[in-house]
Every structure is written in structure tokens, then in C-alpha cells.
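Residue numbers (the UniProt record's numbering): 1 to 313.
From the three backbone atoms N, C-alpha and C, an ideal C-beta is built for every residue, glycine too.
As the structure is a computational prediction, the values presented were derived from the model and not from experiment.
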């Protein structure tokens, strides 16, 4: 941890010249959870904000002036372009960069330093840090993520680590507020995927059904995998994405009983018959369209669902 933070702090002068302020450790603390207690250095409001395209997060609390936070993603550059960098460039190519289904975190700029490329992105918090108020908010989140995975697969990209840790919500949350509400309103909430370090990219002409890989999926525990057999990475990712969403979305089963069979039918099917993201998205939208306004606006009392049990807020 000390070595990692030291590398970033070594680059402080370089980033300052580019107009960015590095986060600094509290009391030079490089301890076990050092990154979680870093605080931003003094910084004035950025002039980078654009009226027509605003990639920055909303701020939950208003006691202090709004500041802009950035995160840097380090990739190989120059003589060895990584798949991660290829993916960022494909998703930010002119033809699809501003597509409404392209929910990748915006790239503000690329910085080059000593053979490395740093990708500058706005800081968004995880949706897991805040509560959903209604069923509509949960189902909107689920639809956005399923739609994004389908979009990635359409463009022959497998993220390989879709978790709420790698999903951003366009808000910066005060960590002193435990699970606040009000940030998932479909009229304001935007979701974005981050961290393509595990990801795979294929040529556009690649047939989805013909692809296999022996690589594990990000959330799989290596010690529990008996063998790394060849599997289709697209249906595998769809399976784990649905499994992740289930824990957050199945809390509405108490008043939307149809949601249970939806997840069961997808997650319990034999591996060779697992659906692709496009089919799952279509089935989900059919379910959502069948719901009444009363069901959608029902307040949510539970925070998550696991193995048939509901865990209250």
C-alpha cells in the first residue's frame, strides 16, 4: 500500500502542471486502509465544466462549495497498447461516444508521462452507498445496467468484473450519512461502468455464440474453481450481472412477485443454455412494462435480498 501511494504522490507535480490536485493522506497515513482516508488538497472550482456536456457528479451535501474530483486510471502506452486502453478508445470513438446506451464513465482527457497513459475521469460514487426509495428506482438501475452490458457485448467488449464496486452513480456522497435516499431518481440518476482492467475486446465481426475463454470471471474465487474449462464470456458475464442485480432488485418481490421467477429462470438454467444479454434485457423490459404505477411507486423497506431472505434497512 505504501509503495502504491508513494508512486502516485511522486507524480503530484506532474498532475499539478496539468491542472489537477492530488488527494493527500491524512497525517501521512499509509496504513492498511490509507486510500479510504485520503482527502483532497486545496482546490478552487474547476473551469473544465461544460454547459452542454456535464460529466461531473452531483454533490449530496451543500455546506461547502462544489469541487470537482477526478480519478486516474493507469495504462500501458506507446510501444505496448493494452486491451484496457483499446477498450477505452473504442467506447469513446466518435461514432458511439455520446450514444445514450454507452454508460461508460466519461474520459476528460488522456495524459502521457514517461511511457504511461493516465486516463482522467470524474469521480462518481458507487450506487451501493445509497438506498433506493421506490421499486421504480431499483428497476431503473437494473435496466440501465442490463442495457449497458448488452451495449458492451454488441461492441464485442466483455467487462469481466461487473460488480457494484465497478459501477458509478453521478453523485458524491457524504460518507457520514449512512445509506441516504434521494440519489436514484430516474430523472437525475446516471450510472456508469468503470475499471476495464480485467476486460476482453474482440473484433466487431466476432460471432457472440462462437467465443470461448478459460479465464475466470472477476467475482469467482480461484480456489473454488475445479477446472478452468472453456466458457462463453458473454453469457457468463450476463449470468453474473443478473446475479449481482438480484440481490438489490429482488427486495421488491414482496409486492412484485413476478420478479422472483424472472431471476430464477435465468440463473438456474444449465450453463450451455444461458441467455445472452439482449434476451435478458428484453425479458426484463417485458416484466417492467407489465407493472402498474402503484407497484412502481411502492416504497422499498428492505435493503437487499439473499437466498430467500429479506434484509431490512
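- Below 8 Å, too few C-beta pairs join the region 275-284 and the region 188-196 to call them touching: fewer than three.
- A check of alpha carbon separations from residue 197 across 126, 10 and 88 identifies 88 as the nearest.
- A Cβ-Cβ separation of about 6 Å places residue 200 in contact with residue 233 under the 8 Å criterion.
- For residue 233, the uninterrupted alpha helix (DSSP H) run begins and ends at 233-249, by DSSP.
- In this structure residue 251 touches residue 302 by the C-beta definition: roughly 4 Å separates them, less than 8 Å.
- In terms of Cβ geometry, residue 228 and residue 214 form a close pair [threshold 9 Å].
- Here the alpha carbon of residue 253 sits roughly 6 Å from the alpha carbon of residue 260.
- Taking the CA atoms as reference points, residue 310 sits about 13 Å from residue 255.
- The alpha-carbon of residue 288 is positioned some 17 Å away from that of residue 132.
- C-alpha of residue 101 to C-alpha of residue 147: approximately 7 Å in a straight line.
- Closest in alpha carbon position to residue 118, among 15, 21, 10 and 237, is 15.
- For a cut-off of 8 Å, the C-beta gap from residue 231 to residue 155 is around 20 Å, too long to register as a contact.
- Relative to residue 312, the option among 286, 248 and 169 whose CA is nearest is 248.
- Comparing C-alpha distances from residue 166 to each of 109, 129 and 96 shows the shortest one belongs to 129.
- DSSP, reduced to helix, strand and coil, places residue 272 within a helical segment of the structure shown.
- Pairing residue 105 with residue 168 gives a Cβ-Cβ distance under 9 Å.
- As far as DSSP is concerned, residue 133 takes part in no beta bridge.
- Around the beta carbon of residue 136, 16 or more other beta carbons lie within 10 angstroms, which makes this residue buried.
- Of the other Cβ atoms in all chains shown, fewer than 16 fall within 10 Å of the Cβ of residue 307; this residue is therefore exposed.
- Looking from the CA of residue 120, the closest CA among 218, 180, 127 and 92 belongs to 92.
- A distance of 9 Å or more separates the beta carbons of residue 122 and residue 111.
- Secondary structure note for residue 88: its alpha helix (DSSP H) is the uninterrupted segment 83-91.
- Per DSSP, the unbroken beta strand (DSSP E) holding residue 120 starts and ends at 116-122.
- Nearest C-alpha to residue 124 among 151, 164 and 211: 164.
- When the five nearest sequence neighbours on each side are left out, the beta carbons in the same chain lying within less than 8 Å of the beta carbon of residue 138 are those of 132, 184, 248, 249, 251, 252 and 300, in order along the chain.
- Shown here, residue 101 sits in coil according to DSSP, grouped into three states, outside any helix or strand.
- Here DSSP, grouped into helix, strand and coil, assigns residue 179 to coil.
- Distance from residue 305 to residue 246 at the Cβ level is roughly 7 Å; contact confirmed, criterion being Cβ atoms closer than 8 Å.
- Cβ-Cβ distances below 7 Å link residue 84 to 75, 196, 197 and 199 in the same chain, with the five nearest sequence neighbours on each side left out; the list follows chain order.
- Under the three-state reduction of DSSP, residue 304 is assigned to strand.
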